[in-house]
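Student: The structure's right below; bear with me while I get my questions together.
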Amino acid sequence: MNITGSCHCGELVFTARVDTEKVMVCHCTDCQVLSASAFRTVVMSEPNELTFNKGTPKEYIKIAESGNERAQGFCQNCGTAIYATSVGEGDRVYGIRVGCVDQKAELSPKIQIWCQSKVTWLNDINNMKAFSKTP
Ligand SMILES: [Zn+2]
Ligand SMILES: [Zn+2]
Numbered sequence: 002m003n004i005t006g007s008c009h010c011g012e013l014v015f016t017a018r019v020d021t022e023k024v025m026v027c028h029c030t031d032c033q034v035l036s037a038s039a040f041r042t043v044v045m046s047e048p049n050e051l052t053f054n055k056g057t058p059k060e061y062i063k064i065a066e067s068g069n070e071r072a073q074g075f076c077q078n079c080g081t082a083i084y085a086t087s088v089g090e091g092d093r094v095y096g097i098r099v100g101c102v103d104q105k106a107e108l109s110p111k112i113q114i115w116c117q118s119k120v121t122w123l124n125d126i127n128n129m130k131a132f133s134k135t136p
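So for the sequence shown, our numbering puts the first residue at 2; every next one is plus one.
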């Protein structure tokens, strides 16, 4: 599926080709910190199928417990996280952050990963008082 997206300030605009079967919720602690939220929703691109039509993302290199490096691409103006990908030579598959994708309504997650660090309140979210806007 072809998608389009942008960061919050509009400095970065991109197109990508993604695998709609590979949409996932990641509960890992790195995603919690990097998104400053409870979890992150990601869709995997086809190899090398992410193109920036406007702007150039800044990359932060994260080092995992395993020692693996992952490049985290984000807007250096507004801070919106756009993707994560491998470092070095070879094909790049991009884990694109679904929140900045225009077609996000069509990208429902299929799996959850790193559930060992999933926040405990998430299972009760439907029991919370809910408002259409800030009350
Ligand atoms: Zn931006
Ligand atoms: Zn994660």
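For glycine and all other residues, C-beta sits at the position ideal for the given N, C-alpha and C.
In the DSSP assignment, the alpha helix (DSSP H) including Leu35 goes from what residue to what residue?
Tutor: Here the alpha helix (DSSP H) through Leu35 covers 30-36.
Student: Going by the beta-carbon positions, is the gap between Cys10 and Asn78 smaller than 8 Å?
Tutor: In contact: Cys10 and Asn78 (Cβ atoms closer than 8 Å).
Student: Indicate the three-state DSSP secondary structure (helix, strand or coil) for Ala106 in the structure shown.
Tutor: It is helical.
Student: Just to confirm, does Leu123 get its C-beta within under 7 Å of one of the non-hydrogen atoms of ligand 1?
Tutor: Not under cutoff, so the answer is no.
Student: If I follow the unbroken beta strand (DSSP E) through Cys27, where does it start and stop?
Tutor: Looking at the DSSP string, the run of the beta strand (DSSP E) that includes Cys27 is 14-27.
Student: May I have the straight-line CA-CA distance separating Ala17 from Lys130, to the nearest angstrom?
Tutor: Ala17 and Lys130: Cα-Cα distance of roughly 37 Å.
Student: Mapping the DSSP letters down to three states, classify Ser133 as helix, strand or coil.
Tutor: Here Ser133 sits in coil by DSSP.
Student: My parser needs the alpha helix (DSSP H) runs of 4 or more residues fully inside the region 68-106; what are they?
Tutor: You should have found no qualifying run.
Student: What do you reckon, are the CB atoms on Val14 and Gly80 nearer than 8 Å?
Tutor: No, the pair does not count as a contact, with Cβ atoms beyond the cut-off.
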